[in-house]
Structure formats: structure tokens, C-alpha cells
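These protein sequence lines are chains X and P, in that order.
According to our numbering, the first sequence is numbered sequentially starting from 471.
According to our numbering, the second sequence is numbered sequentially starting from 11.
Glycine residues also receive a C-beta, built at the ideal position from the N, C-alpha and C atoms.
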Amino acid sequence: MPTARLRVGAGVSRLQGSSQAGRQAATSAMGPLGDEPPALVLVFTTPRHDLAALLAGVRAVTGPALLVGATTSGELALGEYLGFGAGVAVLAATAGPYRFGAASASFVRDDMDRAGQQLARTSRDRAGPSAHAALVLLADSLLGDLQELVHGTYRVTGPRVALVGGAAGDEQRFLRTLVFHGDQILEQGAVALWIASDLPLGAVTRHGFRPVGNPMLVTRAQGTTIMELGGRSAAAAYEEQLGLAPGALPPERFWDTSVLHPFGLRQADGTAVIRVARARSAEGHLTIQGCLPPPGCAVQVMTGTPDSLLAVVPEVAAEALAVRPDAALLLAFSCAARSRILGERAGEEPRRLQDAAGAVPTFGFYCCAEFARTAGVLGTHNATLTALAL
Amino acid sequence: MLPQERTGPAAESLGALRAALRDTTGFSRLLTVLSEDIPLHALLDRALATLSELFASDVVALLEGGAGGAFSPVATLGLPEDLPTWTPSAGEGSHLREALRTRAPVSRVVAADDPGMDPALRELGLQVAAWLPLANGGIGDHETPAVLVLGRCRPVAYSAGDLDLATALGRQVGLALERYRVKAQLRRTEARLLEAEKLALAGRLALSIAEDASNPLAYLRSNLASLRERLPAIAAALRAAGAAGASAAGDLAELVDDSLEGTRRIGRLVDDLRKVVGPGTPGEFGPVDLRGAIAASLAELSPAGAGAPEVRQERDDPPAPPAWAPYALLRTALTELLRFLVAAGLPRTCPPSPITVRDAVIEGRPAVIVEDPALVVSPEEQRRLLDLRLPEGPALRLGLAAAQAFQLLRRHGARVSISPRGAGGWMLCLVLPVDRGAGDETV
């Protein structure tokens, strides 16, 4: 049974050349490992790189270690924020007390539930049996309702396995997002990393939004689109909640406002799960990013400020580290919507996270939907900061 | 521009309204799911996922009672696939049994020293669990006890409001399950009705064919018999014509004999068809006095010919209770069986021993036992006696009428078995239902 302490290193690069950037970030990441070979490599990168060259560059340094990753809408590593452009962040980790297994699949849009089951099952089998475990799930953010994928994994894992992760990004263009497994760059894909552990692991999630206005009933929805709220055009009802005249938020300006005022899906404990409408159609339909408030549920317009969003960061770190006080790594998955709201203060979130984590390295990326199951089957979020301490 | 957050009494009122809204939307969400026209497993899956979200429950299970007080999951959410098959604890002292007995929700902290706690729920890491009896302890028709189980991995107890709302929603899931089952039963019944109509149509067609075929068959047999009588004269004429004629005369006799045998077999089939699909069979269902039915079937038999075995009805035991069967069909089955047994030409040990028929009780059900100690039937032939397929070559078969009658009785709850007797020969047991049977087509 492996009992060694987990050793991790993280590196970033802003070089324009993809291969060089991969090598540079990986070389930095490998440093703290000394002579010990990595058992796991995480790669989070801007989609602007030549991804094959980037991965080849990383693997030229890390060797054949298990590698998973995704394109992003920004990376975070050791308190540093890499915004849009040319950033790549690489994490190298020894096995320590854990055993890792990964599985991936392409073109899973048609049956994400089954894909989720298969990914969880295969990655679990590759990691081997254990008393406790966590599943890190990365997926193309444009697949549709990603909760189906989460539900599929939950059928296999049950509640004892912590789930975290995020949906890949493309710097908020919403055109093409990709995940990686080894040398593979997967289209319409998902990759699952199973972390087998002898000690409990736990996911943590916070957002920092508060409700405003009145609850509204979702009366018509399909896929990831809300057509009606309270029997009316969803866009008109949304505008009304914000005190705006009908049509005041045209499609081209919608995202600028909606990112500040997402929907909150009320939970049993009084908290809200966030759902961000990223687009409105001319017909007044609202497209939610990666998941949907199901028909029949009530939603409220929420509001958040940079300060309220940043206030939850130390809570996330503290709660995650409370689960694993001996942690050597804090994996974090934040949302591109948060960095957009934070604007010029976007760098404060990873910095505060690292400050709160102290000597524990922080590493992660900005997603287009976050995965964290903390209660019940619902494990898909927007505009949320999630974390797992290892 | 944004509405301001309420404080003070306004906030309290808003809180109460939000709670009411949560309950209302809980119902609306679940009813939206339950109204979807999707397969049952998908419906239950979505319903349980909705309950999981509404009550922040990591485990949700709908359990249904079965024989002997055992419970089994109809649908579950949150059970990992590597969990061994879950048999919920439902014995005396279990929380499930307590919920059923009190007809009220039971919510407990999952403690290691709680003897009423289901060990599987502890294994899942639950910290709080609740058992909610559904609608007088039953799903839908209130006859089958059902319980909804909720569990949380966090130490957050279910409130009384949670439990009441979850019970109400669980009842809706139970009703949806019952509606689905009723619809499925209706579809099966419709399919059976359609099948029955098709069979009836085929039967009428068969009867028509049998009626139409009987006349030409009769003169064909008559002509062949006449030809057979004249064969010696024809053969003599052929032999007089030379060697080739002599050979043809031999072949001709064989051909005519084969044709006669063929027409005899076709004749039997036509007779069977008329018996099977003719009027009066199968008749109305009702309680049948088996002893009386046996006596009536025996009375229908023609006097036994030379060498035929005797058939006796035995009445040693108390009469069997009435069976639930179509009387006319049962009579047809018994009469045809006995006709077959007393037919001349069957292979029998010498001297033939009497065939006995008696009513009996087997496993609490009324039965008819026919024992034939002398008919020589191989185990393979015993298995195929009731075969509906037409025999190829010489084979022992009861014939279409009897086979069809036994088949129909089996479809309506009877059990038929044929087995060797220890003292020689073989026996047939026809075990009948005492009420409307569910069918026993796999026998």
C-alpha cells in the first residue's frame, strides 16, 4: 500500500511556441519531484496553441506518465492567473498515497449518461479498488446538458466518491473545446481521472451570489434552453426581474449583463446552484451554459459583486483542506464567468486561494461549467469555485 | 435598478413564501417528470433524481414489499454499482418495519450501534436516513406495502416539512408506477385479445377447411377401398401381361395401401380439427366438480372393443375441491385422453391392466390423475405425447384435439405433467387452479 507523501510541482508558460511552452511549463512542474517520476500530469491550456505540439512538448519532459487535461478560459497555478492568450499550466505529481486511473471517450453527445458510466467504471478499474476515491471529470463544455454525464458517473460511484472537475473552455468563444488523455486530443469528449485513496476525499463548492427579485417557475425548457419563465418569454421575464424594459437586453449585449446576474436554483438547504444564461435568441429563449434548470423548478435572479465572489475563496480553501489537513495539493476549478465579473481583479481569486492554502500548491483552470457533487445527484454548476484537496 | 434585498418582517414573509414555493415547485417538478411518456425505468430514474435534488439526498430508493415480509428495491439512486445486491433490512426492529407499523416517517442518524439501521446504508457512508411509508403502506392499490428511503452523507437531519413533502411526492411516484403497471397490463390483455381473435379466426378457417375436406376425403377413401378390393383382379391381369406387369402389380398394391393409410391419418386430423374448433369448446369458466367431470367423460367413451383395456374411476379419497376451469374444455381433454388410451393397436404389455382415473389434491390444488400401467411409452414419447406438432411417421400422440385442450388449460393456470410410474406404465397429472389462473405456459 503506497504511503509516501504526495509530491507535486506546477509550472506555467506564456511562450507562443506550443512545443516550447509545453516543455517550459513541464520542466518547471517536474522540478519539485526531484528524481521521482511523475504518476500524473495535468495540462490546462489556452486553445490557441497547437495542441498536439504542446502535448508532445510536455510529454518530452514528463515521459509516459498518465496525462489528462483540457483547453480552458484561463489557468490558475500557484496563485498565478493566466488569462486569455497563450498560457499553459502543467502539474506533475507523484502517486504519493494515491493510485490514479483515467479513461476517455470522444463524441459522447448522444448518450452522455452511458458515457459517464463507462468513464467512471473504466477509470476506477484502472486505478484499482480502494476504500475512498475522487473522480476528476473534464468534458467538452458544448456537449449539452452536462448533468447527464455527472449522473452517469454517479450511477457507478455512489455518494462515497467525491466528484470535481470542469468543462473545457475556449476563452469564452463557445465554438470548440477539447479535452486530453495521453497524446489524444478528444473532440466532443470527456476524460475521467479516478483517484483511489485510503482516506476520505471531499469536494467543496461556493459561489458568492445572493438572490434578488422573485422566484420564477420554469414552465418550458429543452436541452440547455429555457423558453418560458412563468408562462412568458424567458428573456422578458428575466429583463423584468432586473427592472429593465422588454427588449432592453438585445442578443449582442445580453452576456455582458447576464454574467452579472445568473439564475439561482434553490436547494433544500436554502443555498442556490448557479445557472448562467450565456445567450438569448431573438425569440426570447435563454441558453444556459452546460446545464439546465429543469422544467417545473423555481429560479431566482442572483447578483454578485467582485467582493462577494472573492469572499468565498478562503472558505473554499479552508473547507477543502479541512477534509485533508495533510494535503499536498489543492485542485481548483473556477468559472470563466467569475473571471469576467472580476475583470481587472481576476488575478485576485487565484492569489487569495493560494494565500488561504498556505504552503499547499494550488492548481486548476477557468471552466465553462464546474463539476462538484456535494449533496444529491446534482453536480453541475456555473459561476462557482470548486476544489478538492489531495 | 435591481430590487433591494428585503429585511425584517418582509424578509420573514418572503422566507415563508419561499418555503411554500419550494413545496409547490417540488410538486410541479415531479409532476412534470411523471407526465413524460418515457419507459418506466427512465421515468423512475428521473423521478428519483428529482427527489434527490429536492431533498439534497445522496441516496433515494423506492422499496416494495413482497412475499414473507421481504422488501426489494423497485428503483434506486446513489447505490454504487459495485455494491452487492441490496436486500433492505425489513425484519422486526428495523426502521423500515417501524415506519410501516406507525404509518409515519421515521428519520434517524445512522449510528453504528443502532440495531434497526440497515447495514447497507451505513456502508454507503450515510449519516442521516429516513423511511417514508407510502399511502397506507402501499403503492397505488394499497395492497403492496411500499417505502421511500432517503439518505444524506452529511449530518443534516430531515425536517418534519421535508419528510411530509417527500412522503407526498413519493406517493405520486407510487401512483405513477401503478398507472404504468395498469397500462402495461392493459397492453398485455389487448395483445392477448388480439391473439385470441386471430386464433378464433384461424379456428373458423380450420373448421371450414375440415368441413370442406371431409366430403372429398370420404369419397377418396371409398374409391381407394374399392380399388383395393379389385386389386387381385387387376394384379392378375397385369401379371398375365408379362414380367413388367407382375412388378407393376406388386408396386400398385403398396401404393394403394400407402394412400389408404394417408387418407386415414388425414381423416383423423380432420376429425380432431372439428372437435377442437367446433362449437361447445372451450366453454365458460367456473367451479368444476372434478369427480363429476371424470364420470361424464367416462360415460362418453364407446364400449371397449376386444383386447382394449378397461377404464375405472377410483373414488377412494374425499372429493377434490372444485377447480376453476372451463368445464367443456376439461371434458374434451379427459375424454380425448381416455379415447386415445383405449384405442386398439396401442403397444401394451400383456395382459392389459385397467386404466384408473381419480380426482386428487396436489399441493393444495384440485387435480386429475390418470394412470395407465400397461401402455408401452418410452420416456421420449412421454415427453412428446402432448406435442401440438403433427407427427412424422408412426408416433404416439394424443392428437390435435386433446393436445390443444391441454394447451388451453395450461394457458389458464393448469399444470400438466407426464411421468413414468414406478410399477410400470405411465401417469398423467392435471393440476388445476382453484381461482383464475395466471397461466402456466412454460410447463
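Close Cβ partners of Ala59 (chain P) (< 7 Å) along its chain, the five nearest in sequence each way excluded: Leu87
C-alpha gap between Thr844 (chain X) and Leu552 (chain X), whole angstroms: 28 Å
Which of helix, strand or coil DSSP assigns to His456 (chain P): Beyond the ends of chain P as shown, which are 11 and 453, falls residue 456 (chain P); an answer cannot be given.
Sub-8 Å separation of Leu537 (chain X) and Gly700 (chain X) beta-carbons: no
Closer than 9 Å at the beta carbon, the chain X residues around Asp172 (chain P): Ala738
Sequence-distant residues of its chain with Cβ nearer than 7 Å to Ala412 (chain P) (five each side left out): Ala343, Glu346, Leu347 and Phe350
Chain P contacts from the segment 754-780 of chain X (Cβ-Cβ distance under 7 Å): Pro764, Pro765, Gly766, Cys767, Ala768 and Thr773
8 Å Cβ cutoff, Ala535 (chain X) in contact with chain P: no
Contact check, Leu848 (chain X) vs Gln617 (chain X), beta carbons under 8 Å: yes
Proximity to Leu612 (chain X) [Cα-Cα], best of X:Ala673, X:Pro784, X:Val606 and X:Arg748: X:Arg748
Segments of 3+ residues assigned as beta strand (DSSP E) that fall wholly inside the segment 622-710 of chain X: 631-637, 649-651, 654-656, 660-667, 673-676, 686-692 and 695-699
DSSP-derived helix/strand/coil call for Asp382 (chain P): strand
Where Thr564 (chain X) falls: helix, strand or coil (DSSP): coil
Interface residues of chain X facing Gly135 (chain P) [CB-CB closer than 8 Å]: Pro629 and Arg630
Any C-beta of chain X under 8 Å from that of Ala59 (chain P): yes
Residue-level contact to chain P via CB, Arg569 (chain X), 8 Å cutoff: no
Separation of Ala130 (chain P) from Glu205 (chain P), as counted between CA atoms: 46 Å
Selection from P:Leu442, P:Gly432, P:Ala433 and P:Ala21 that minimises the alpha carbon distance to Asn684 (chain X): P:Ala21
Pairwise C-alpha distance: Ala787 (chain X) and Gln642 (chain X): 26 Å
From X:Ala829, X:Arg821, X:Thr773 and X:Gly636, residue whose alpha carbon lies closest to that of Thr542 (chain X): X:Gly636
Cβ pair Ala662 (chain X), Ala572 (chain X) closer than 8 Å: yes
Beta carbon proximity, His621 (chain X) to chain P, threshold 8 Å: yes
Candidates P:Leu265, P:Gly272, P:Ala245 and P:Ala256: closest to Arg456 (chain P) by CA position: What is shown of chain P runs 11 to 453, which leaves residue 456 (chain P) out entirely.
Residue-level contact to chain P via CB, Gly846 (chain X), 8 Å cutoff: yes
is_contact[Thr35 (chain P), chain X] using C-beta, thresh 8 Å: yes
Chain X within 8 Å of Val69 (chain P), Cβ atoms only: yes
At least 3 beta-carbon pairs within less than 8 Å: the segment 391-398 of chain P vs the segment 353-364 of chain P: no
For Ala597 (chain X) and Trp664 (chain X), the rounded distance between their alpha carbons: 6 Å
Euclidean distance between Cα positions of His152 (chain P) and Thr112 (chain P): Any answer about His152 (chain P) is weak, because its pLDDT of 49 lies below 50 and its placement is not dependable; what the coordinates show is given next. Each residue's Cα considered, the two are about 16 Å apart.
Burial state of Val116 (chain P) (16 or more Cβ within 10 Å): buried
Beta carbon of Thr832 (chain X) nearer than 8 Å to that of Ala853 (chain X): no
Straight-line Cα distance separating Pro297 (chain P) from Glu451 (chain P): Any answer about Glu451 (chain P) is weak, because its pLDDT of 37 lies below 50 and its placement is not dependable; what the coordinates show is given next. Whole-angstrom Cα-Cα distance: 21 Å.
Chain-order list of residues whose beta-carbon lies under 6 Å from that of Ala495 (chain X) (same chain, five-residue window excluded): Gly481, Val482, Ser483, Val558 and Val560
Rounded straight-line distance, which links the Cα of Arg162 (chain P) to that of His519 (chain X): 44 Å
Leu616 (chain X): first and last residue of the uninterrupted alpha helix (DSSP H) it sits in: Run containing Leu616 (chain X): none; DSSP gives neither H nor E here.
Beta-carbon gap between Ala57 (chain P) and Val183 (chain P) smaller than 8 Å: yes
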